[in-house]
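J.: As you go down the protein sequences, you meet chains A and B in turn. Last residue of the first sequence? That's 925 in the working numbering, and every number before it is there in order. Last residue of the second sequence? That's 216 in the working numbering, and every number before it is there in order.
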Amino acid sequence: TMLGVITTDALVTSTVWRKMVQVAVNRSFNQITVDGDTSTNDAVIALASGLSGSNKISSLNSSEAKQLQECLDAVMQGLAKSIAWDGEGATCLIEVTVTGASCEAEAAKIARSVASSSLTKAAVYGRDPNWGRIACAAGYAGIPFEASKLRISLGDILLMDGGQPLPFDRAVASNYLRKAGETHGTVKIQISIGDGPGSGLAWGCDLSYDYVKINAEYTT
Amino acid sequence: VASTANEAWNYIPAAPIFLPEGSWKQIPGGVTAAKGFNAAGMYGGLRAKGEKPDLALVTCDVDAISAGAFTTNVVAAAPVIYCKKALDFTPTARAVLINAGQANAATGDAGYQDVIESSSALAKLLQLKPEEVLIESTGVIGQRIKKEALLNSLPKLVNLLSPTIEGADSAAVAITTTDLVSKSVAIESEVGGTRIRVGGMAKGSGMIHPNMA
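(1) Within 10 Å of its beta-carbon, does Gln869/A have 16 or more other beta-carbons around it, so buried, or fewer, so exposed?
(2) Which residues, in order along the segment 129-160 of chain B, keep a beta-carbon less than 7 angstroms from a beta-carbon of chain A?
(3) In chain A, which residues lie with their C-beta within 7 angstroms of the C-beta of Phe40/B?
(4) For Asn214/B, return the contacting residues in chain A, with the cut-off set at a CB-CB distance below 7 angstroms.
(5) Taking the straight line between their C-alpha atoms, what separation do you get for Asp778/A and Met725/A?
(6) Just to confirm, are Glu135/B and Ala126/B a CB contact at a threshold of 9 angstroms?
(7) Here's the rule: buried if 16 or more other CB atoms are within 10 angstroms of the residue's CB, otherwise exposed. What is Pro213/B?
(8) Specify the secondary structure class of Ile711/A as computed by DSSP and reduced to three states.
(9) Would you call the CB atoms of Asp182/B and Ser208/B closer than 9 angstroms?
(10) Is DSSP giving Pro82/B helix, strand or coil here?
(11) Of all the options Thr110/B, Phe21/B, Ala171/B and Ser122/B, which has the alpha carbon lying nearest to the alpha carbon of Val143/B?
(12) Is it true that the CB of Gly32/B sits closer than 9 angstroms to the CB of Gly202/B?
(13) Assuming Leu153/B and Cys86/B form a contact by the criterion Cβ under 8 angstroms, report the distance between their Cβ atoms to the nearest whole angstrom.
(14) According to DSSP, simplified to helix, strand and coil, what is Thr181/B?
(15) What residues of chain A sit near Lys186/B, judged by a beta carbon separation below 7 angstroms?
(16) With a threshold of 9 angstroms between beta-carbons, can Val34/B be considered close to chain A, or not?
(17) Please classify Gln772/A as buried or exposed, where buried requires at least 16 neighbouring CB atoms within 10 angstroms.
(18) Just mark Glu24/B as buried or exposed, buried being the case when its beta carbon has 16 or more other beta carbons within 10 Å.
(19) Can you have a look at Glu887/A and say buried or exposed, based on whether 16 or more other CB atoms are within 10 angstroms of its CB?
(20) State buried or exposed for Val99/B, treating a residue as buried only when at least 16 other CB atoms are found within 10 Å of its CB.
(21) Which residues mark the beginning and the end of the beta strand (DSSP E) in which Ser897/A is found?
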């Protein structure tokens, strides 16, 4: 289960605040995954006291609303990434970036599909730069794209371009994953699916033996 | 048995926070960084093992504009059902009470009644309307909250409320379950030429694939 409580002293109307919170949740907590199980209790409550002395924000299209939205996104993304980093049994955080989609929602859906792929997660734990599993998870996300435009990078290492696997230094790529695991760092997977303006992010973690151990012992 | 707020963050370390880059700056504190907010965390005897804090409270000095996003799982826990009703009923809230140990999910009418009694008891202590008190629960699914332990702890929890960083940190620890680290962050930025603050805390480690609306 994930829970969150967010507070601000910005002054904002109820209608605008509720929309802003949903947008921020969609860009943060709804883009993390550890094990694919959606809890019965997931909840985020956000409270705005209005005590900062700022002008009241009553339109989503105002520059003030956009500034507050960015702040809300930042705080929620920071917390969301910490949850994924702390995933049960995880040795590293996985950050998936998708660009070139037709819109933000489509990019986000592909990113989360990759982040939640058990095979991709297991490959990261096995320090295996397995572009095939990443491509596969992108492909079954339910968002159509031209496979011939697929580009996949692991950190700074380009693994696939134009839908074609590329020669790369496997030892260097594997070492990138190993180092992230040893330091509980971040593995960055970057995917491009075309030329569209949509981009999105998702966060997950690798899948280790410890995940099963923890949940076999945490009984109902 | 109740540990003090000062002891709360000794149980687990704070998480590294991966804030995206932007025009804001990270500041100390979490849910209490913004003006008007108080928080506390304490051990109230709800956890099955250990004495890590398991009750957290966040309050606002004024009627706060409230929003919520909740699981779309059809089998929603009692506090989720309660909060959705409360937010439909009123646009403001004054307090969020959170327990760790029992999720109060799949507990039927009895579980829902536990939420009502918890919010009513806290509302009475804080002199609020029950619907101004929101509830979150986390822990073992299928178990009702240890209501007597929770109700008996409320006076002390209210007394521990503080606008300090320590208050925020103790609350962030108290909401954790299998988490290895507590998650708390705050930022300061300018909105329309005025300095505003946004802060927050979260918990989560397993059963994580949110789809909230």
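Every residue, glycine too, gets a C-beta built ideally from N, C-alpha and C.
T.: Concretely, from the data shown:
(1) Exposed is the call here.
(2) The segment 129-160 of chain B vs chain A, Cβ under 7 angstroms: Leu137, Glu139, Ser140, Thr141, Val143, Ile144 and Gly145.
(3) Residues of chain A passing the Cβ test: Thr712 and Ser754.
(4) For a Cβ distance threshold of 7 angstroms, residue set Asn735 and Thr743 of chain A lies close to Asn214/B, ordered along the chain.
(5) Whole-angstrom Cα-Cα distance: 9 angstroms.
(6) In this structure, Ala126/B lies closer than 9 angstroms to Glu135/B by Cβ.
(7) Its Cβ being crowded by 16 or more others within 10 Å, Pro213/B is buried.
(8) If DSSP states are grouped into helix, strand and coil, Ile711/A belongs with the strands.
(9) Yes, they are a contact pair.
(10) Residue state for Pro82/B is assigned as helix, using DSSP reduced to three classes.
(11) Among Thr110/B, Phe21/B, Ala171/B and Ser122/B, the Cα nearest to that of Val143/B belongs to Thr110/B.
(12) Yes, the Cβ-Cβ distance between Gly202/B and Gly32/B is below 9 angstroms.
(13) Not a contact, Cβ separation roughly 17 angstroms.
(14) Residue state for Thr181/B is assigned as coil, using DSSP reduced to three classes.
(15) Neighbours of Lys186/B on chain A, chain order: Leu784, Ser787 and Ile788.
(16) Taking Cβ atoms only, chain A reaches closer than 9 angstroms to Val34/B, which makes this a yes.
(17) In the assembly as shown, Gln772/A is a buried residue. Its beta-carbon has 16 or more other beta-carbons within 10 Å.
(18) Around the C-beta of Glu24/B, fewer than 16 other C-beta atoms lie within 10 Å, and the residue is accordingly described as exposed.
(19) Result: exposed.
(20) Label assigned to Val99/B: buried.
(21) Membership of Ser897/A in the beta strand (DSSP E) is indicated by the continuous run Thr891 to Ser897.
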